[in-house]
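Under our numbering, read the sequence shown as residues -12 to 119, first letter to last.
We treat Cβ as the ideally placed atom computed from N, Cα and C, and that holds for glycine.
First the structure, in the form of structure tokens, and then the observations on it.
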Amino acid sequence: MIKRTALAAIALAASSMMGSTAVLADEGVYNTHPVTGASQMYRNLFRLRCSSCHGANGEGTNDEYPKLGPALKGNPFILNAPTVAIVNVIRLGRAGRQRLYHETFPNMPAFGVEMVPDADGLADFLKNDLQK
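Shown next as structure tokens:
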């Protein structure tokens, strides 16, 4: 008897979930869902690799807990540093004395070629398109 009740409960839960999947598909489960189009490759790469710490639009996570990354939009380092310096931060990370931010944020991990295949393009995106 208990097995039948459990099976009935599973079937009821599954049928109720089936009706709500269309709603979830319309809304988008994550706020960082990819943007379509070939010209959006770097925006998608940013959302995949950077947005969890730096915010979906580069606004940072200073107002959230845990505070994971500073804002990249309007960031003086991003605006003024040469692209090569930004690529170095992407590739080597930022820890210890290299950090320019206060102690609120943890160290930034390094992203190798397998994680960010085109760091130059991503740095260019950070300097230009993200700032709009």
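DSSP, read as helix, strand or coil, puts M28 in helix. Inter-residue distance for A110 and A72 is about 9 Å (C-alpha atoms, whole angstroms).
DSSP places P104 in no alpha helix (DSSP H); its state is neither H nor E. Judged by DSSP secondary structure, R78 falls within the alpha helix (DSSP H) whose first and last residues are T70 to L79.
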